[in-house]
Amino acid sequence: NAGVTQTPKFRILKIGQSMTLQCAQDMNHNYMYWYRQDPGMGLKLIYYSVGAGITDKGEVPNGYNVSRSTTEDFPLRLELAAPSQTSVYFCASSPPGTYLGEQYFGPGTRLTVT
Amino acid sequence: GNSVTQMEGPVTLSEEAFLTINCTYTATGYPSLFWYVQYPGEGLQLLLKATKADDKGSNKGFEATYRKETTSFHLEKGSVQVSDSAVYFCALSIGNAGNMLTFGGGTRLMVKP
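Residue numbers (our numbering), protein chains in the order written: chain A, 6 to 119; chain B, 1187 to 1299.
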């Protein structure tokens, strides 16, 4: 199993550009998440999904969109990038059932908006 | 709401020293508690967990006990190694839909040889 994979690893965007951060998992997990981690800070939840076709906002959803057309993939879309979106983005997944809170993380995407 | 508070870092120790990283929480329900570790340049990995009061989670020489009376889940290790240098995150989940986690701010540990 590859686990949770994310692409790209690094990206530099200009203000106003758009991009999609890709996330895929091969563990057949129902739950998937997007977090951002600002320097020296903890993780903040952007969006999450409890299954294909179902998504919901987390703590900091403004400026982002997600979709979940398959169990495996959970892309994060940035529209009109702003310097405040400079961060490291982590995707995670979680198995269904009673694994309360146990999540598996990808390696992250470091995004700089200038 | 739910929140997790960790001691601020960085924590700098010499190899073989004793480690404690404090973590306290507030929760509206009965949470499960977790410690995640992030090694340089990597994503977070689950280190240990405890799902009910007085449970002790342990892994790789690290331990943490779920203390409901003090709402704490302090991380300890008897003898740290250079390879333990990382950022440690305390987190909780109240078993809500989606198994969502609330993270503390993280504590950076630096172990010197």
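Every residue gets a Cβ at the ideal spot worked out from N, C-alpha and C, and that includes glycine.
Inset, instruction - Figure out for me which residue from B:K1298, B:F1275, B:S1269, B:N1285 has the closest Cα to the Cα of T1210 of chain B. - result: The option with the nearest alpha carbon to T1210 of chain B is B:F1275.
Inset, instruction - Determine, using beta carbons only, whether E1249 of chain B comes closer than 8 Å to chain A. - result: Not an interface residue.
Legend entry - Ordered list of beta strand (DSSP E) runs contained in the region 1189-1251 of chain B, each at least 3 residues: Correct list: 1189-1192, 1197-1200, 1205-1207, 1209-1212, 1218-1224, 1230-1236, 1242-1245, 1248-1251.
Inset, instruction - Report yes or no: do three or more beta-carbon pairs, one from the region 1257-1270 of chain B and one from the region 73-82 of chain A, lie closer than 8 Å? - result: Contact fails between the region 1257-1270 of chain B and the region 73-82 of chain A, because fewer than three Cβ pairs, one in each stretch, are under 8 Å apart.
Inset, instruction - Kindly list the residues whose CB is nearer than 6 Å to the CB of E1202 of chain B, restricted to its own chain and excluding five residues on each side of it in sequence; keep chain order. - result: Cβ neighbours of E1202 of chain B beyond the five flanking positions: S1265.
Inset, instruction - Indicate whether the contact test is met: 3 or more Cβ pairs, each with one atom in the region 1248-1258 of chain B and one in the region 1224-1231 of chain B, closer than 8 Å. - result: Under the 8 Å Cβ criterion, the region 1248-1258 of chain B does not count as touching the region 1224-1231 of chain B, having fewer than three qualifying pairs.
Legend entry - Alpha-carbon spacing of G1247 of chain B relative to S23 of chain A, whole angstroms: Using only the alpha carbons, I get a separation of about 45 Å.
Inset, instruction - Would you check whether the ligand ZN has a heavy atom nearer than 7 Å to the C-beta of T1198 of chain B? - result: For the structure depicted, the ligand ZN is absent and the ligand set is empty, with no information on it obtainable.
Legend entry - Pairwise C-alpha distance: S1189 of chain B and T1288 of chain B: Between T1288 of chain B and S1189 of chain B, the C-alpha separation is close to 6 Å.
Legend entry - Residues bridged to F1289 of chain B [DSSP beta-bridge criterion]: Partner(s): B:A1277.
Inset, instruction - Mind the definition here: the region 7-25 of chain A touches the region 109-117 of chain A only if three or more C-beta pairs lie below 8 Å; say whether that holds. - result: Taking 8 Å as the limit for Cβ pairs, the verdict is that the region 109-117 of chain A does touch the region 7-25 of chain A.
Inset, instruction - Report the three-state DSSP secondary structure of V55 of chain A (helix, strand or coil). - result: Strand, per DSSP.
Inset, instruction - Name the one or two DSSP bridge partners that K62 of chain A has. - result: Its beta-bridge partners are A:Y52.
Legend entry - Short CB-CB distance (under 8 Å) between L18 of chain A and chain B: No, L18 of chain A does not count as interfacial toward chain B.
Legend entry - chain A contact residues for L1309 of chain B, given Cβ-Cβ distances below 9 Å: As shown, chain B starts at 1187 and ends at 1299. That puts residue 1309 of chain B outside it, with no answer to give.
Inset, instruction - Would you mind sorting N33 of chain A into buried or exposed? The rule is 16 or more other CB atoms within 10 Å of its CB. - result: Per the 10 Å Cβ criterion, exposed.
Legend entry - M1286 of chain B: contacting residues in chain A (beta-carbon distance under 8 Å): Around M1286 of chain B, the beta-carbon contacts reaching into chain A at under 8 Å are Y38, L50, Y53, G63, G106.
Legend entry - Span of the beta strand (DSSP E) around S99 of chain A: Residues 92-99.
Inset, instruction - Could you spell out the range, first to last residue, of the beta strand (DSSP E) harbouring Q42 of chain A? - result: It spans 36-42 - the beta strand (DSSP E) in which Q42 of chain A sits, taken as one unbroken run.
Inset, instruction - Go to K1263 of chain B, then tell me how far its beta strand (DSSP E) extends in each direction, as first and last residue. - result: K1263 of chain B -> beta strand (DSSP E) spans 1261-1263.
Inset, instruction - Leaving out five residues on either side along the sequence, give the residues of the same chain with a beta carbon under 8 Å from the beta carbon of D1241 of chain B. - result: Non-local C-beta neighbours of D1241 of chain B in its own chain, meaning closer than 8 Å and more than five positions away in sequence, comprise T1251, Y1252, ordered along the chain.
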